Amino acid sequence: MESQNKDFLDSTVVLLNKPGNMCLKDVQLVESEINSVAINVNYSGISTGTERLLYEGNMPFFPGMGYPLVPGYESVGTITHVNGSEETLKVGDKVFVPGAKCFGDIKGLFGGAASNLVVSSSRVCALPQNSSENATMLALAATANHIFSSSEKSMPDLIVGHGALGRLIARIAKIKGLNPTVIDTNADRRLGSFNYDVCSPEEINGQSYSCIVDASGNAAELNLLVEKLKFNGELVLAGFYKDLLSFNFVPLFLRETKFRVSAQWLPDDLNTVQKWYASGALSLDGLITQVASANEARKAYDTAFNDSLCLKMVLDWKGLH
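Heads up, the sequence shown is in my numbering, so the first residue is 12 and it goes up one at a time.
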């Protein structure tokens with residue numbers, strides 16, 4: 012084993028004991044398996060979609076889900092140990108980690124919000140050494156890319172929601188030579204300078220689209236989006252919906268509407284966006300609006316979930332190593 016020290020088995024984690032009950036806890040990590048790496052986490056992102064549902068107790072059941080659990084799937088850190096025959100990774104390398112399962116009896120369905128992690132080397136993604144908190148956005152960028160990679164014919168011309176995911180979908184659309192329009196009901200999220208059109212829903216009245224991507228997660232608005240589709244148009248559900256989805260049949264019938272769910276990125280998506288990020292083709296700037304010390308995790312999660320001006324909150328773990 013290549014190593015610098017042996018304190019990597021101790022970690023401070025964000026722990027959801029049960030819905031509404033969150034704390035920081037010191038835990039001992041499971042010993043490294045063969046071909047694994049230990050990582051000092053520098054930053055981890057907070058998801059206002061899945062993590063909010065977990066905190067509120069509204070997350071639909073997934074295999075392996077339960078409490079207590081460590082949330083998070085957007086971590087950036089530095090390798091401190093390499094265990095096994097891994098030849099491409101070494102101590103000191105900067106990597107992206109999409110979660111971990113190294114907490115023993117504590118659930119690790121996500122498992123990225125921790126000061127230290129142990130994870131299979133095949134799960135990490137190498138980063139440029141100068142990568143900062145922006146690289147925590149790679150998982151969301153991979154999610155955005157999956158919208159395109161799952162269908163060669165998918166060419167979004169309307170994106171609903173100008174949060175972090177909506178912005179990444181628009182940026183990738185531009186890389187692919189598309190010119191989408193993005194709408195958002197929140198006037199603050201329409202502010203700024205972009206290389207695509209951003210407007211209010213009222214500004215597109217009377218227009219119709221071939222492919223609409225909903226990144227808002229607002230189930231109540233889906234019927235209205237169907238009415239903006241052209242004949243044989245496609246509605247892509249890219250948000251996460253806790254409410255039952257229902258549709259009026261006649262508008263679907265008249266348009267012969269196609270539906271697609273695009274939610275879970277695949278390794279090829281992460282590899283693609285990592286290459287774009289490393290080359291500078293995909294900018295992850297301007298998506299993180301706040302960075303908070305992990306010592307203030309409870310306050311940070313509250314801000315992330317309830318402050319509409321917070322586009323993306325990131326926890327800084329560097330003071331807890």
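C-beta: ideal position from N, C-alpha, C; glycine also. Small disclaimer: the values here were computed from a predicted structure and weren't measured.
Following the continuous beta strand (DSSP E) through residue i, name the residue where it begins and the one where it ends.
i	result
ARG271	269-272
TYR220	220-225
THR23	21-29
ASP280	Careful: ASP280 lies outside any beta strand (DSSP E), inside the alpha helix (DSSP H) at 278-290.
LEU240	240-248
LEU169	169-171
Determine which residues share a DSSP beta bridge with residue i and list them.
i	result
ASP327	TYR54, SER304
PHE107	VAL87, CYS136
SER47	ASN94, SER131
LYS5	Past the boundaries of the shown model lies residue 5; the chain is included only from 12 to 332, so the question cannot be answered.
LEU320	LEU320 pairs with nothing; no bridge assigned.
LEU295	DSSP output for LEU295 lists no bridge partner at all.
LEU80	LEU27, LYS118
Looking only at its chain, what residues have a beta carbon closer than 8 Å to the beta carbon of residue i, apart from the 5 residues adjacent to it on each side?
i	result
GLY31	TYR66, GLU67, GLY68
LYS239	LEU169, ILE215, GLN218, SER219, TYR220, ILE223
LYS269	ASN243, GLY244, GLU245, LEU246
TYR78	LEU27, ASN28, LYS29, PRO30, LYS118
ASN16	Summary for ASN16: the model assigns pLDDT 43, below 50, so the residue's position carries little reliability, and this model does not support an answer.
SER160	LEU277, ASP279, ASP280, THR283
ILE186	TRP287, ALA292, LEU293
LYS241	SER219, TYR220, SER221, ARG266
SER126	SER22, THR23, VAL24, ASN51, VAL52, ALA305, TRP328, LEU331, HIS332
GLN39	LEU20, ASP21, SER22, GLY115
CYS210	THR192, VAL193, ILE194, ARG201
LEU128	SER22, LEU40, ALA49, ILE50, VAL52, SER86, GLY88, VAL108, ALA111, CYS113, GLY122
PHE251	GLY60, THR61, LEU64, GLY228, ALA274
GLY103	THR89, ILE90
ASN206	LYS185
Considering only residues of the same chain and omitting the five flanking positions on each side of residue i, which have a CB-CB separation below 6 Å?
i	result
MET76	LEU120
GLY115	VAL41
THR154	TRP276
ALA150	TYR84, GLU85, PRO109
SER142	LYS105
SER14	Because SER14 carries a pLDDT of 43, less than 50, the predicted location of this residue cannot be relied on, and the following value inherits that uncertainty. So the qualifying residues of the chain are HIS92.
GLY56	GLU85, THR147, VAL325
ILE45	GLY95
VAL140	One point to set straight first is that residue 140 is Gln, not Val, in the sequence displayed. So the qualifying residues of the chain are LYS105.
Might you give, ordered along the chain, the residues of its own chain that have their beta carbon closer than 7 Å to the beta carbon of residue i, omitting 5 neighbours on each side?
i	result
ASP18	At ASP18 the pLDDT is 47, less than 50, meaning the model places this residue with poor confidence; the figure from the coordinates comes in the next sentence. Hits under 7 Å: none found.
SER304	ASP327, GLY330
LEU202	none
VAL302	GLU144, VAL325, ASP327
PRO82	VAL25, LEU27, GLU62, LEU65, PHE121, ALA124
LYS112	GLY119, GLY122
THR59	ALA315, PHE316
ALA184	PRO167, PRO191
ASN197	SER319
CYS321	THR300, GLN301, THR314, ALA315
HIS173	VAL193, ASP195, ARG200, ARG201, VAL209
What is the residue span of the alpha helix (DSSP H) that residue i lies within?
i	result
PHE260	260-266
VAL1	Since the first and last residues shown for the chain are 12 and 332, residue 1 lies out of range.
TYR66	61-67
For the putative contact between residue i and residue j, defined by C-beta atoms under 8 Å, what is the C-beta separation to the nearest angstrom?
i	j	result
HIS157	SER86	With a Cβ gap of about 20 Å, HIS157 and SER86 do not count as contacting.
VAL24	ALA124	6 Å
ALA315	LEU35	Contact flag wrong, Cβ pair sits at about 16 Å.
LEU256	LEU233	7 Å
SER319	ASP208	Contact flag wrong, Cβ pair sits at about 22 Å.
PRO225	LEU236	The amino acid at residue 225 is misidentified as Pro; the sequence shows Asp. The pair is a contact, with the Cβ atoms about 6 Å apart (cut-off 8 Å).
MET349	TYR312	Here the chain has residues from 12 to 332 only, and residue 349 is not among them.
LYS323	LEU298	5 Å
For a test of your reading of the model: does the CB of residue i fall under 6 Å from any non-hydrogen atom of the ligand SAH? Yes or no.
i	result
SER319	Looking at this structure, you won't find the ligand SAH or any other ligand, since it has none at all.
Report the residue ranges of all beta strand (DSSP E) runs contained in full by the region 114-153; include only those spanning at least 3 residues, in chain order. 127-131
Uninterrupted beta strand (DSSP E) stretches inside the region 174-229 (no shorter than 3 residues): Counting only runs of 3 or more, we get 192-194, 208-210, 220-225.
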